[in-house]
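Heads up: the structure comes next, in structure tokens.
Residue numbers (the working numbering): 39 to 156.
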């Protein structure tokens with residue numbers, strides 16, 4: 039990543055969460071490729087995984103030197119992103135998986151013999 043993006047990347051990822059009430063789900067803001075043949079870019083991991091989503095964020099087509107916080111805010115409020123979040127919550131992503139805290143509590147119960155994993 040470019041140095042100026044490196045400085046703000048973690049802050050932006052904290053701001054643009056999949057679900058602010060479940061920080062263990064992480065950020066929708068991501069970098070990588072939607073297709074192995076494409077150049078690495080910035081995108082939305084929720085939109086990229088939901089069928090029918092298209093656009094620059096879904097395709098990781100935002101170039102690092104062109105990303106702005108305003109673009110991220112607009113994407114977060116877009117109809118397409120909100121639809122992708124609904125898809126994600128319905129099973130298209132990890133929504134429904136336990137948060138990090140819930141997972142740790144479950145492991146603790148398993149170790150104490152109060153629960154089992156199947």
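Think of the CB as a built atom: it goes at the ideal place given N, C-alpha and C, for glycine as much as any other residue.
Proximity test, Cβ basis, 7 Å: residue 70 and chain C: Among the chains in the structure shown there is no chain C, since it carries only a single protein chain.
Counted within 10 angstroms of its Cβ, other Cβ atoms place residue 84 as buried (16 or more) or exposed: Translated into positions along the chain shown, residue 84 becomes position 46. So residue 84 ends up on the buried side.
Cross-strand partners of residue 145 (DSSP beta bridge): In the chain shown, the residue the question calls residue 145 occupies position 107. BP columns for residue 145 are empty, so no partner.
Reference residue 81; option with closest CA among 62, 128, 47, 152: Here residue 81 corresponds to residue number 43 of the chain shown, with the count starting at 1. The shortest C-alpha to C-alpha distance from residue 81 to any of 62, 128, 47, 152 is the one to 47.
Identity of the residue in 57, 113, 64, 60 nearest residue 51 by Cα: For the purposes of this step, residue 51 is identified with residue 13 of the chain shown, where counting begins at 1. Minimum Cα distance to residue 51 is reached at 64.
Cβ-based neighbour list, residue 91, same chain, cut-off 7 Å, excluding 5 preceding and 5 following: Within the chain shown, residue 91 is the residue found at index 53, counting from 1. Correct list, in chain order: 85, 118, 122.
Distance CB(residue 79)-CB(residue 99) smaller than 7 Å: Walking along the chain shown from the start, residue 79 turns up at place 41. Walking along the chain shown from the start, residue 99 turns up at place 61. Yes, these two residues count as a Cβ contact at 7 Å.
Collapsed DSSP secondary structure at residue 57 in the structure displayed: Against the chain shown, residue 57 aligns to sequence position 19. Residue 57: coil per DSSP, three-state reduction.
Span of the beta strand (DSSP E), counted from its first residue to its last, around residue 82: One-based indexing of the chain shown puts residue 82 at position 44. For residue 82, the uninterrupted beta strand (DSSP E) segment begins and ends at 79 to 82.
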